[in-house]
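Just remember that our numbering sits 5 ahead of the position in the sequence shown, which is counted from 1.
Positions of the beta carbon are idealized from the N, C-alpha and C atoms, including for glycine.
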Amino acid sequence: MIEGNKHHDTPKKARLKGAAEFLEAKKIPYFKTDLFNYFEVPARTGYRILSEDSSRMRNHDNNKPETRQQKRKITELDLDKLEDLYEKEGFEAKALPWAAAAIEAGINEEASTRTISRQAASRQLFKRLAAEVTFTTETQAKQRFNWATEALLARPNPEDWHDVIFSDECHFGYGDEGRRYIARKSGTRSDPSNIQERREPEDQDKKRIHSWGGIGYDFKSPIVFYDSGNSNGKMTQQTYKRDILEPYVKRWIEEGRSFVLEEDGDSGHGPGKSNPVRAWKEEYGLKSYFNCPRSPDLSPIENCWLVPKQYVRKYPHWDLDTLRDLVEEGWEQLSQETINRWVESMPQRLRDVIKMEGKKTNW
Numbered sequence: 006m007i008e009g010n011k012h013h014d015t016p017k018k019a020r021l022k023g024a025a026e027f028l029e030a031k032k033i034p035y036f037k038t039d040l041f042n043y044f045e046v047p048a049r050t051g052y053r054i055l056s057e058d059s060s061r062m063r064n065h066d067n068n069k070p071e072t073r074q075q076k077r078k079i080t081e082l083d084l085d086k087l088e089d090l091y092e093k094e095g096f097e098a099k100a101l102p103w104a105a106a107a108i109e110a111g112i113n114e115e116a117s118t119r120t121i122s123r124q125a126a127s128r129q130l131f132k133r134l135a136a137e138v139t140f141t142t143e144t145q146a147k148q149r150f151n152w153a154t155e156a157l158l159a160r161p162n163p164e165d166w167h168d169v170i171f172s173d174e175c176h177f178g179y180g181d182e183g184r185r186y187i188a189r190k191s192g193t194r195s196d197p198s199n200i201q202e203r204r205e206p207e208d209q210d211k212k213r214i215h216s217w218g219g220i221g222y223d224f225k226s227p228i229v230f231y232d233s234g235n236s237n238g239k240m241t242q243q244t245y246k247r248d249i250l251e252p253y254v255k256r257w258i259e260e261g262r263s264f265v266l267e268e269d270g271d272s273g274h275g276p277g278k279s280n281p282v283r284a285w286k287e288e289y290g291l292k293s294y295f296n297c298p299r300s301p302d303l304s305p306i307e308n309c310w311l312v313p314k315q316y317v318r319k320y321p322h323w324d325l326d327t328l329r330d331l332v333e334e335g336w337e338q339l340s341q342e343t344i345n346r347w348v349e350s351m352p353q354r355l356r357d358v359i360k361m362e363g364k365k366t367n368w
């Protein structure tokens, strides 16, 4: 026996199948995965047990039709049931193999995996790599859920977010150009003429330039470079007042622009009850709010930074002037149309957080 496999004896198999037959005979709704957990049987093994026993019973019952040579097609109603399973049970159901998902959904158990996958494709259902997000603790999820619920009540429509300016810092460093596609013949990957040589920057060069920006509906600030006075680029309250609030945000206020400034809860933005930044905001009547902690998916500017970052990676940059020019050019590549779409996605982002019960979304 392969180490790690657990032998499931015949009595346990019989109890498992007996329980399934009883529930089905009584028309009691149940999920087979719950049954497997109760009998301490892995899902893959459980499905195999039910499938094997079903085949043996059929082979010894002359009154049951033989269907092994004629696989019944998956109907539209079957596909509805499959989609209902995915909608109700979420990720774990979607991770099941096609055959297991079909059994769990209560549809044709005799259909082949190929048949199921082919029919599922008509509903745009394919097996793809799952998107990955960072882990969210129970406390963080509850905080995010509550924050999203309150924000959606206050601003339920896309146009309700037109007055918000989302702001954030971003850091850029030295680096070589990104990986390039080349024309080459099969089997020549290791040929010297087909190898791209790249060098990695030193740790101290990975955050060479520190920048700040703000975006909103029909609005994009210039990208602002600042000197943090430290190696990690962390924004201090003095720097925030001197390089951001005074020369830019103050001007927007004086121009009569009606807006609410969104910031993250970094200490440099003055989240405390008494500090110079908070006093400045009160003095100039700045309307602002702090985004929910650990929630980059609830601030569209996080999406915006991807544009200049991708642009910078296209070119080698090993001096400050070149890096600064590339960052500015990359920021210019960010279109207002794209920004507007991301701003108006806020209600959907909030609904997704609520649907995910506070866990991270793929925004």
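For the 9 Å CB-CB criterion, TRP368 and SER340 do not form a contact. In the three-state DSSP reduction, GLU205 falls in the coil class, being neither helix nor strand. With fewer than 16 neighbouring CB atoms inside 10 Å of its own CB, PRO252 falls in the exposed class. Judged by pairs of C-beta atoms under 8 Å, the segment 324-334 does not touch the segment 347-364, as fewer than three such pairs exist.
For PHE264, the closest of GLN243, ALA25, TYR289, LYS246 by C-alpha to C-alpha distance is TYR289. Contact between the segment 291-301 and the segment 267-278 is present, with at least three C-beta pairs closer than 8 Å. THR80 and ILE121 have their alpha carbons spaced roughly 10 Å apart. DSSP, reduced to helix, strand and coil, places LYS225 within a strand of the structure shown.
CA-to-CA, the gap between GLN315 and THR144 works out to about 34 Å. Taken in chain order, the whole beta strand (DSSP E) runs of length 3 or more contained in the segment 230-307 are 265-268, 293-295.
Residue environment for LEU134: exposed (fewer than 16 other C-beta atoms within 10 angstroms of its C-beta). TRP217 and THR244 have their alpha carbons spaced roughly 11 Å apart.
Cβ contact annotation for LEU55 (same chain, cutoff 8 Å, sequence separation greater than five): LEU21, LYS22, ALA25, LYS37, ILE108, in chain order. DSSP places ASP83 in the helix class (H, G or I) of the three-state scheme. Here the segment 219-230 lies against the segment 155-174, with 3 or more beta-carbon pairs under 8 Å apart. Inter-residue distance for LYS132 and ARG119 is about 12 Å (C-alpha atoms, whole angstroms). In this structure, the straight-line span from the alpha carbon of GLU205 to that of ASN235 is close to 22 Å. By the Cβ neighbour-count rule, PHE96 is exposed, with fewer than 16 other Cβ atoms within 10 Å of its own.
Looking at the backbone, the Cα of TYR43 and that of LYS17 are separated by about 11 Å. The C-beta separation of ASN162 from PRO352 comes to about 6 Å, placing the pair in contact by the 8 Å criterion. The beta carbon of ALA156 is closer than 6 Å to those of LEU355 in its chain, skipping five residues each way along the sequence. Taking all protein chains shown into account, THR366 has 16 or more neighbouring C-beta atoms within 10 Å of its C-beta and is therefore buried.
Distance from the Cα of ALA136 is smallest, within the candidate group GLY277, ARG213, ALA100, for ALA100. According to the DSSP assignment, PHE171 belongs to the beta strand (DSSP E) that extends over 169-177. In this structure, TYR179 sits near LEU328, with a CB-CB distance shorter than 9 Å.
For the pair ASP330 and LYS278, the Cα-to-Cα distance works out to about 39 Å. In this structure GLU174 is buried. Its beta-carbon is surrounded by 16 or more other beta-carbon atoms within 10 angstroms. Within 10 angstroms of the beta-carbon of TYR52 lie 16 or more other beta-carbons, which makes it buried. Closest in C-alpha terms to ASP83, from the list ASP89, PRO102, ILE112, GLU94, comes ILE112.
In the DSSP assignment, GLY219 is bridged to SER172.
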